[in-house]
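Reading through the structure tokens given below for one structure.
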Amino acid sequence: MSAGTYISGIGHTALIVWMVVGWGMSSEPLPFEITEVSVVSGEDFAAMTQGAQPELPPSEPAAIEQPPVDETPPAPEVETPPVVPEAPAPVEPPAVETPPAAPDLTVPETVVTDTPPDVPDTPQIITPPQSAELGSSLRPVPRPAPRVAPEIVAPPEPDATVAPEETTAASDQVEAPVEETTEPAEETTAPEAAADQIVTEAEEPSFAPEISSRPPSRPASVAAAAQEADQTAVDDALAAALAGETSTPAEPAPSSTPTAGLSGGQLSDGDKSGFLRQVGGCWNTGALSTGAQNTIIDMVFDMTPDGRPVTGSIQLDGFSGGNATDADAAFQAARRALIRCTGDSGYDLPQDQYDQWQRVVLTVDPTAMRQR
Amino acid sequence: MMTKFMTFLAAMMIALSATTSAQAQEPLRLTLRDGVIEALPFAIPTLQAEVAGSEQMANDISRVIAEDLNGTGLFRQIPSSAFISTPGVFGTPVAFADWRAINAQALVTGAVAVNGSQITVKFRLYDVFSGSEMGEGLQFVGTTDGWRRMAHKVADVVYSRITGEAGYFDSRIVFVAETGPKDDRAKRLAIMDYDGANVQYLTDSSAIVLAPRFSPNGDRILYTSYESGFPRINVLNVASVTRQQLTTSEGDMAFSPRFSLDGRQVIYSLIQGGNTDIFRTDLATGQHQRLTNTPAIETAPSFSPDGSQIVFESDRSGTQQLYIMSANGGEPQRISFGNGRYGTPVWSPRGDLIAFTKQESGRFHIGVMRTDGTEERLLTSSFLDEGPTWAPNGRVIMFARETQGADGTTALYSVDITGRNLRRVTTPQGGSDPSWGPLQQ
Numbered sequence: 001m002s003a004g005t006y007i008s009g010i011g012h013t014a015l016i017v018w019m020v021v022g023w024g025m026s027s028e029p030l031p032f033e034i035t036e037v038s039v040v041s042g043e044d045f046a047a048m049t050q051g052a053q054p055e056l057p058p059s060e061p062a063a064i065e066q067p068p069v070d071e072t073p074p075a076p077e078v079e080t081p082p083v084v085p086e087a088p089a090p091v092e093p094p095a096v097e098t099p100p101a102a103p104d105l106t107v108p109e110t111v112v113t114d115t116p117p118d119v120p121d122t123p124q125i126i127t128p129p130q131s132a133e134l135g136s137s138l139r140p141v142p143r144p145a146p147r148v149a150p151e152i153v154a155p156p157e158p159d160a161t162v163a164p165e166e167t168t169a170a171s172d173q174v175e176a177p178v179e180e181t182t183e184p185a186e187e188t189t190a191p192e193a194a195a196d197q198i199v200t201e202a203e204e205p206s207f208a209p210e211i212s213s214r215p216p217s218r219p220a221s222v223a224a225a226a227q228e229a230d231q232t233a234v235d236d237a238l239a240a241a242l243a244g245e246t247s248t249p250a251e252p253a254p255s256s257t258p259t260a261g262l263s264g265g266q267l268s269d270g271d272k273s274g275f276l277r278q279v280g281g282c283w284n285t286g287a288l289s290t291g292a293q294n295t296i297i298d299m300v301f302d303m304t305p306d307g308r309p310v311t312g313s314i315q316l317d318g319f320s321g322g323n324a325t326d327a328d329a330a331f332q333a334a335r336r337a338l339i340r341c342t343g344d345s346g347y348d349l350p351q352d353q354y355d356q357w358q359r360v361v362l363t364v365d366p367t368a369m370r371q372r
Numbered sequence: 373m374m375t376k377f378m379t380f381l382a383a384m385m386i387a388l389s390a391t392t393s394a395q396a397q398e399p400l401r402l403t404l405r406d407g408v409i410e411a412l413p414f415a416i417p418t419l420q421a422e423v424a425g426s427e428q429m430a431n432d433i434s435r436v437i438a439e440d441l442n443g444t445g446l447f448r449q450i451p452s453s454a455f456i457s458t459p460g461v462f463g464t465p466v467a468f469a470d471w472r473a474i475n476a477q478a479l480v481t482g483a484v485a486v487n488g489s490q491i492t493v494k495f496r497l498y499d500v501f502s503g504s505e506m507g508e509g510l511q512f513v514g515t516t517d518g519w520r521r522m523a524h525k526v527a528d529v530v531y532s533r534i535t536g537e538a539g540y541f542d543s544r545i546v547f548v549a550e551t552g553p554k555d556d557r558a559k560r561l562a563i564m565d566y567d568g569a570n571v572q573y574l575t576d577s578s579a580i581v582l583a584p585r586f587s588p589n590g591d592r593i594l595y596t597s598y599e600s601g602f603p604r605i606n607v608l609n610v611a612s613v614t615r616q617q618l619t620t621s622e623g624d625m626a627f628s629p630r631f632s633l634d635g636r637q638v639i640y641s642l643i644q645g646g647n648t649d650i651f652r653t654d655l656a657t658g659q660h661q662r663l664t665n666t667p668a669i670e671t672a673p674s675f676s677p678d679g680s681q682i683v684f685e686s687d688r689s690g691t692q693q694l695y696i697m698s699a700n701g702g703e704p705q706r707i708s709f710g711n712g713r714y715g716t717p718v719w720s721p722r723g724d725l726i727a728f729t730k731q732e733s734g735r736f737h738i739g740v741m742r743t744d745g746t747e748e749r750l751l752t753s754s755f756l757d758e759g760p761t762w763a764p765n766g767r768v769i770m771f772a773r774e775t776q777g778a779d780g781t782t783a784l785y786s787v788d789i790t791g792r793n794l795r796r797v798t799t800p801q802g803g804s805d806p807s808w809g810p811l812q813q
């Protein structure tokens, strides 16, 4: 056996002996209080605590004495009985020919004079200066300026990037002279801008139309125009032949049919729609008679170059679907709208095309409004 | 020399004319279809008191005019607190800019003078934005007792000039005033202004009265009375409040009467042998004429404005529907084909529409339709709406509405034929069976 085995055996034996003997592990007992008690029987305890208990009501409640009730209450001590209102007399049915009560139903007479009141005629109406508080103008915001640069702009320089390898810093050491090639200096110019105005995100222009343009009016029949042109050419050729002339066929004349739309000299659909939208904002059919709401009127008026209708020129040009009274009411409402929505600066119409809207025939059709 | 000059002048004029015509531009042609529907704002400053002591009357008349116009739903009064200025002496220039600034589109100015029992009201109406007067100024003269009528007349003129149709403010309503619970309800004939003012009773509550109807000129009233225990038709003279019973055969029961256009004839329903048909009686001669003769129940006849046709209700198809026939009788033509039951048809004074009561799915409606039955529109819906009557201008319908339950009450309501502006008419008690009279002369 090895020495280690002996040592281990001796050590474990000593440990076991020490644990069995408990040598050196004894300790003094902890101090504790001693209280003397006495044993009390349950009956004695009940007898002791009975005096402290509140008196409980008896298990069965005693009969409650009811207060004496007089079946015949004494009459109130009123020496004089209250005054009883007289019973309403029965209403007798009215006689056949005599009404029960003949209220005064005569309608007070009212005389209506056809002549105007004897008041002085209204003097000339003094048109006061336009008030600044005449309501907000309904003019649309100015059309945004074009944001596209007129010329192609070179793309910007790419951003600087960190080189993967470290380069040596320049030293004062003079290196071999390098032949300096001087390129002609370019003239420094400002960076090319994409637009000539600063545009924030908030006012970024939207190129979508605010309203859809109405379809342009159908042009005059192309076939008819062509046929007419052909007939003219034939007539010319016949006339020339009869006159003994030899001529080349005349070139077809350019079509004189106006192109209603956004190009050309005609007023654009956007301008027309904008004008109608402005007037329509003030055109109130709510106070029109049902007859007037079925009456379509034509209203003609002149415009000033600054987009204002000439009030005195507004006239009813014709109507359909109602009588004269209905037409007049419809005309008054339309005229009121036209004047009311003029605003402070007139209607938003292109001044360079004033000749296109110098005179306007406005057809006012409330029949669609009646359905709302 | 002179000839050359004249020739040159003529040539110049021709050239100028040609140039002008070449420069003449075709007018821009546009069509306006989209607008707004809203009440028209108007201003009516308190009418001036031209004579000392007229202030109260001026205030009252101004208030009634404004209430009339506001009540239509077509106008909206701008409160006086918004006024920038007040008009000066009646007839002096109007500061239109001040009224434009508060968006007043129409302006009514006027003056009142009370001299003893006589009262004079004069007024002018202005279109503020065009700065012009709408029509000429008018003045009314009457007695102080009739001050409300004068206010109504002013409002009628204002309404007419702006809308293009006649007004209806100076008119009266006859109706059945009801008091008490449903199972013991007292009913009396009553007459009042269109707005519920000046209620006066024509009968007592000793007998049940039903379905009063004004004559075309408003001088008489037809109604059904149960005074004898059976329904009988009476004709009541409004001025003298005397009445006369329409002669029918003994034991017959007559009800649902209505005047003809000339007021000389009455059409009504008559129950004979348990069958209900429509008859016509000449008030002068007392002659009767049967207009329908079927085993069905046919009642509620109403003349067309031209007197040539009659619309009525009948269950000859198995359910209550509306029919139109000649005023002399004949084969009727059914005009209602919708779901539910139709009744109490009334022809519009304009002749274009027929108002009716419709019962469908447990609800009652007041509606209108074209005379051929097309374009039916229901204007109201409630537990019980019935008995429509037209305003003299054919724009507004009044009817009776009853609430649900044993203690349900009846009341009068009015509604625009567009279905807007449903309003309750103020009456002292409950009301039913309204009949709108004509504009007073």
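Keeping their order, the protein sequence lines are chains A and B.
Heads up: the first sequence at position 110 corresponds to 110 in our numbering, and the numbers run straight through without jumps.
Quick note: to get our numbering, add 372 to the position in the second sequence (first position is 1).
No residue lacks a Cβ here, since even glycine has one placed at the ideal position from N, Cα and C.
I'd like to know whether the C-beta of Phe319 of chain A is nearer than 8 Å to at least one C-beta of chain B.
Within the first sequence, residue 319 of chain A is the residue found at index 319, counting from 1. No, its Cβ sits nowhere closer than 8 Å to a Cβ of chain B.
Does the beta carbon of Val300 of chain A come closer than 8 Å to any beta carbon on chain B?
Along the first sequence, read from residue 1 onward, the residue named residue 300 of chain A stands at position 300. True, the Cβ-Cβ gap to chain B drops below 8 Å.
On a Cα-Cα basis, can you pick out the residue from B:Gly777, B:Asp779, B:Ser786 and B:Phe755 that is closest to Arg767 of chain B?
Residue numbering aside, residue 767 of chain B sits at position 395 when the second sequence is read from its first letter. Comparing Cα positions, the closest option is B:Ser786.
Count the other CB atoms within 10 Å of the CB of Ala778 of chain B; is the residue buried (16 or more) or exposed (fewer)?
As a first step, residue 778 of chain B is located in the second sequence; it is residue number 406 there, counting from the start. Exposed, by the Cβ-count rule.
With contact counted as at least three CB pairs below 8 Å, one residue from each stretch, are the region 270-279 of chain A and the region 333-351 of chain A in contact?
yes
Quick check on this structure: which residue in A:Val21, A:Asn294 and A:Gly42 has the alpha carbon closest to the alpha carbon of Phe331 of chain A?
Position 331 of the first sequence holds residue 331 of chain A. If we check each option's Cα against that of Phe331 of chain A, A:Asn294 comes out closest.
Best match in B:Thr729, B:Asp528 and B:Pro721 for proximity to Gly710 of chain B [C-alpha to C-alpha]:
For this step, residue 710 of chain B is matched to residue 338 along the second sequence. Of the candidates B:Thr729, B:Asp528 and B:Pro721, the one whose C-alpha sits nearest the C-alpha of Gly710 of chain B is B:Thr729.
Assuming Gly443 of chain B contacts Arg795 of chain B (C-beta within less than 8 Å), just tell me the rounded distance between them.
Along the second sequence, one-based indexing puts residue 443 of chain B at 71. Along the second sequence, one-based indexing puts residue 795 of chain B at 423. Gly443 of chain B to Arg795 of chain B, Cβ: 7 Å. Contact.
For Ser708 of chain B, would you say it is in contact with chain A, using Cβ-to-Cβ distances shorter than 8 Å as the test?
The count along the second sequence starts at 1 and reaches residue 708 of chain B at position 336. Chain A contact via Cβ: absent.
Here's the rule: buried if 16 or more other CB atoms are within 10 angstroms of the residue's CB, otherwise exposed. What is Gln53 of chain A?
Counting from one through the first sequence, the residue named residue 53 of chain A turns up at place 53. In this prediction, Gln53 of chain A has a pLDDT of 44, which is less than 50 and means its spatial position is unreliable; what the coordinates show is noted afterwards. Exposed: under 16 other Cβ atoms inside 10 Å.
C-alpha gap between Ala202 of chain A and Asp344 of chain A, whole angstroms
As a first step, residue 202 of chain A is located in the first sequence; it is residue number 202 there, counting from the start. As a first step, residue 344 of chain A is located in the first sequence; it is residue number 344 there, counting from the start. Interpretation of Ala202 of chain A is limited by its pLDDT of 44, a score under 50 that renders its predicted location unreliable; the figure taken from the coordinates is listed afterwards. If I take the Cα positions, the gap works out to 27 Å.
Decide yes or no for the touch test of the region 454-474 of chain B against the region 401-408 of chain B: beta carbon pairs closer than 8 Å, at least 3 of them.
No, they do not touch.
How about Ala368 of chain A: is its C-beta nearer than 8 Å to some C-beta of chain B?
Within the first sequence, numbered from 1, the residue matching residue 368 of chain A stands at position 368. It does; some Cβ of chain B falls within 8 Å.
Short CB-CB distance (under 8 Å) between Gly280 of chain A and chain B
Position 280 of the first sequence, counted from the start, is the residue given in the question as residue 280 of chain A. Yes, contact with chain B.
Taking 8 Å as the cut-off, decide whether the C-beta atoms of Gly482 of chain B and Leu419 of chain B are in contact.
Taking the first residue of the second sequence as position 1, residue 482 of chain B is located at position 110. Taking the first residue of the second sequence as position 1, residue 419 of chain B is located at position 47. Result yes, Cβ atoms of Gly482 of chain B and Leu419 of chain B sit closer than 8 Å.
Can you look up Ala329 of chain A in the DSSP assignment and give me helix, strand or coil?
As a first step, residue 329 of chain A must be located in the first sequence, where it is residue number 329. Here Ala329 of chain A sits in helix by DSSP.
What first and last residue would you give for the beta strand (DSSP E) that runs through Gly802 of chain B?
On the second sequence, residue 802 of chain B is found 430 positions in, with the first residue counted as 1. Element bounds for Gly802 of chain B: Gly802 to Leu811.
Would you call the CB atoms of Leu370 of chain B and Pro603 of chain B closer than 8 Å?
No information on residue 370 of chain B is available, as it lies outside the stretch 373 to 813 that chain B covers here.
Please tell me whether Ser289 of chain A and Thr535 of chain B are closer than 8 Å, where the distance is taken between their beta carbons.
Counting from one through the first sequence, the residue named residue 289 of chain A turns up at place 289. Counting from one through the second sequence, the residue named residue 535 of chain B turns up at place 163. Going by C-beta atoms, Ser289 of chain A is nearer than 8 Å to Thr535 of chain B.
Can you give the Cα-Cα distance for Pro810 of chain B and Ile605 of chain B, rounded to whole angstroms?
Looking up residue 810 of chain B in the second sequence gives position 438. Looking up residue 605 of chain B in the second sequence gives position 233. If you take the alpha carbons of Pro810 of chain B and Ile605 of chain B, they lie about 21 Å apart.
If contact means a Cβ-Cβ distance below 7 Å, which residues of the region 474-492 of chain B contact chain A?
Result list: Asn475 and Gln477.
Are any of the Cβ atoms in chain A nearer than 8 Å to that of Pro399 of chain B?
On the second sequence, position 27 is the one that residue 399 of chain B refers to. Output row for Pro399 of chain B: interface = yes.
Give a yes or no on whether the minimum CB-CB distance between Thr403 of chain B and chain A is below 8 Å.
Sequence index remark: in the second sequence, residue 403 of chain B carries index 31 (1-based). Yes, its Cβ sits closer than 8 Å to a Cβ of chain A.
Under 8 Å between C-beta atoms of Glu422 of chain B and Ala485 of chain B
Counting from 1 along the second sequence, the entry for residue 422 of chain B is found at position 50. Counting from 1 along the second sequence, the entry for residue 485 of chain B is found at position 113. In contact: Glu422 of chain B and Ala485 of chain B (Cβ atoms closer than 8 Å).
Work out the CA separation of Gly635 of chain B and Asn589 of chain B for me, nearest whole Å.
On the second sequence, position 217 is the one that residue 589 of chain B refers to. On the second sequence, position 263 is the one that residue 635 of chain B refers to. Going by the C-alpha atoms only, they are around 8 Å apart.
Backbone secondary structure at Val530 of chain B - three-state DSSP
In the second sequence, residue 530 of chain B corresponds to position 158, counting from 1. In this structure, Val530 of chain B counts as helix in the three-state DSSP scheme.
Does Gly747 of chain B come within less than 8 Å of chain A when only Cβ atoms are used?
Numbered from 1 along the second sequence, position 375 holds the residue referred to as residue 747 of chain B. One point to set straight first is that residue 747 of chain B is Glu, not Gly, in the sequence displayed. No - not a single Cβ of chain A is within 8 Å of the one on Glu747 of chain B.
Quick check: is the beta carbon of Asp328 of chain A nearer than 8 Å to any beta carbon in chain B?
In the first sequence, residue 328 of chain A corresponds to position 328, counting from 1. Interface residue, yes.
Any chance you could list the beta strand (DSSP E) runs of at least 3 consecutive residues sitting entirely within the region 410-494 of chain B, in chain order?
412-415, 447-449 and 478-487
Kindly indicate which residue of A:Asp326, A:Gln353 and A:Ile10 has the alpha-carbon position closest to the one of Pro305 of chain A.
Position 305 of the first sequence holds residue 305 of chain A. Ranking A:Asp326, A:Gln353 and A:Ile10 by Cα distance to Pro305 of chain A puts A:Gln353 first.
Asn294 of chain A, DSSP secondary structure in three states:
Here the question's residue 294 of chain A lines up with position 294 in the first sequence. In this structure, Asn294 of chain A counts as helix in the three-state DSSP scheme.
Taking the alpha carbon of Ser676 of chain B as the reference point, which residue from B:Ala668, B:Gln659, B:Asn700 and B:Asp654 has its own alpha carbon closest?
Within the second sequence, the letter at position 304 stands for residue 676 of chain B. Ranking B:Ala668, B:Gln659, B:Asn700 and B:Asp654 by Cα distance to Ser676 of chain B puts B:Asn700 first.
Please say whether Ala415 of chain B and Ala476 of chain B have beta carbons closer to each other than 8 Å?
Position 104 of the second sequence, counted from the first residue, corresponds to residue 476 of chain B. Position 43 of the second sequence, counted from the first residue, corresponds to residue 415 of chain B. A contact, by the Cβ cut-off of 8 Å.
Just to check my reading of the structure: Val683 of chain B and Ile726 of chain B have Cβ atoms closer than 8 Å, yes? What is that Cβ distance to the nearest angstrom?
For the purposes of this step, residue 683 of chain B is taken as the residue at position 311 of the second sequence. For the purposes of this step, residue 726 of chain B is taken as the residue at position 354 of the second sequence. 6 Å between Cβ atoms; contact.
At a Cβ cut of 9 Å, what residues of the region 355-367 of chain A count as close to chain B, listed as they run along the chain?
Taking 9 Å as the Cβ-Cβ cut-off against chain B, the residues of the region 355-367 of chain A that qualify are Asp355, Gln356, Trp357, Gln358, Arg359, Val360, Val361, Leu362, Thr363, Val364, Asp365, Pro366 and Thr367.
Identify every run of the alpha helix (DSSP H) within the region 617-672 of chain B, keeping only runs that are complete inside it and at least 4 residues long; order them along the chain.
none
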